[in-house]
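*Asks:* Below: one structure in structure tokens.
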């Protein structure tokens, strides 16, 4: 499964870069994250509890940073085991680009899921993955730039606020 996206974060690139490397910030932003501990400058261990469709699983795993190019980006790779629920592994290339006083964060991610989770079907898994990515970046934007409204690429805070309520409620019903 491939997931790509762009997020405008209302903070300068050095601030965003520092936050992307701070386990305390990441722990606050990763949906379902119970712990994230730095083992070295390039490795962390994590425990995340997620509900995907009817399956709730606790994943324990390792996160590794590579291709580190401060403050432009890196590749983050993770692998976790959810016991009987299965496993998840993936990687994301994260790039940061200055945009005035803000930063444009672009990511290209690949994920592989096995076990019971893989039996749930591609549409559910892809929808859940996109929802989790959106939650992460919305929270990341709030933590890194606390007074700024989170916005997606190509959309301003004003445009984001104009989405009809029925659309938001429909998305919430579909994706939880």
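Residue numbers (our numbering): 2 to 177. A virtual CB, placed ideally from N, CA and C, is assigned to each residue, including glycine. As the structure is a computational prediction, the values presented were derived from the model and not from experiment.
Here's a check: name, in chain order, each residue in its chain whose Cβ is nearer than 7 Å to the Cβ of residue 99, leaving out the five neighbours to either side.
*Replies:* Here residue 99 refers to the residue found at position 98 of the chain shown. Here the set comprises 14.
*Asks:* Between which two residues does the alpha helix (DSSP H) carrying residue 127 extend?
*Replies:* Here the question's residue 127 lines up with position 126 in the chain shown. Element bounds for residue 127: 123 to 145.
*Asks:* Would you check if there are 3 or more beta carbon pairs closer than 8 Å linking the segment 25 to 37 to the segment 82 to 93?
*Replies:* no
*Asks:* Among the candidates 44, 46, 104 and 53, whose CA atom is the shortest distance from the CA of residue 120?
*Replies:* Locating residue 120 in the chain shown gives position 119, where the first residue counts as 1. Minimum Cα distance to residue 120 is reached at 53.
*Asks:* Are the Cβ atoms of residue 24 and residue 45 separated by less than 8 Å?
*Replies:* On the chain shown, position 23 is the one that residue 24 refers to. On the chain shown, position 44 is the one that residue 45 refers to. Yes, they are a contact pair.
*Asks:* Put residue 23 into one of helix, strand or coil per three-state DSSP.
*Replies:* On the chain shown, position 22 is the one that residue 23 refers to. Coil at residue 23, not helix or strand.
*Asks:* Which class does residue 95 belong to by DSSP, given the choice of helix, strand or coil?
*Replies:* Numbered from its first residue, the chain shown carries residue 95 at position 94. DSSP, reduced to helix, strand and coil, places residue 95 within a strand of the structure shown.
*Asks:* Taking only three categories from DSSP, how would you classify residue 16?
*Replies:* In the chain shown, residue 16 corresponds to position 15, counting from 1. DSSP places residue 16 in helix when its eight states are reduced to three.
*Asks:* Does chain C have any CB closer than 8 Å to the CB of residue 34?
*Replies:* Any reference to chain C falls outside this structure, which holds one protein chain only.
*Asks:* For residue 108, I'd like the list of residues in its chain whose CB is within less than 6 Å of its CB, leaving aside the five on either flank, ordered along the chain.
*Replies:* By one-based count along the chain shown, residue 108 stands at place 107. Only 6, 93 and 95 meet the Cβ criterion.
*Asks:* For residue 26, which residues of its own chain have a beta-carbon under 8 Å away from its beta-carbon, when the five flanking residues on both sides are left out?
*Replies:* Counted from its first residue, the chain shown places residue 26 at position 25. If we look at residue 26 and ignore the five residues flanking it on each side, its Cβ neighbours are 20, 141, 144 and 145.
*Asks:* Taking Cβ positions, are residue 4 and residue 139 nearer each other than 8 Å?
*Replies:* Numbered from 1 along the chain shown, position 3 holds the residue referred to as residue 4. Numbered from 1 along the chain shown, position 138 holds the residue referred to as residue 139. Contact: no.
*Asks:* If you check the beta carbons only, do residue 114 and residue 135 fall under 8 Å apart?
*Replies:* Taking the chain shown and counting its residues from 1, one reaches residue 114 at position 113. Taking the chain shown and counting its residues from 1, one reaches residue 135 at position 134. No, Cβ-Cβ distance for residue 114 and residue 135 is not below 8 Å.
*Asks:* Beta strand (DSSP E) containing residue 31: first to last residue?
*Replies:* In the chain shown, residue 31 corresponds to position 30, counting from 1. Premise fails: residue 31 is in no beta strand (DSSP E) and is neither H nor E.
*Asks:* Looking at the structure shown, is residue 84 part of a helix, part of a strand, or coil, going by DSSP?
*Replies:* Locating residue 84 in the chain shown gives position 83, where the first residue counts as 1. Residue 84 falls in the helix class under three-state DSSP.
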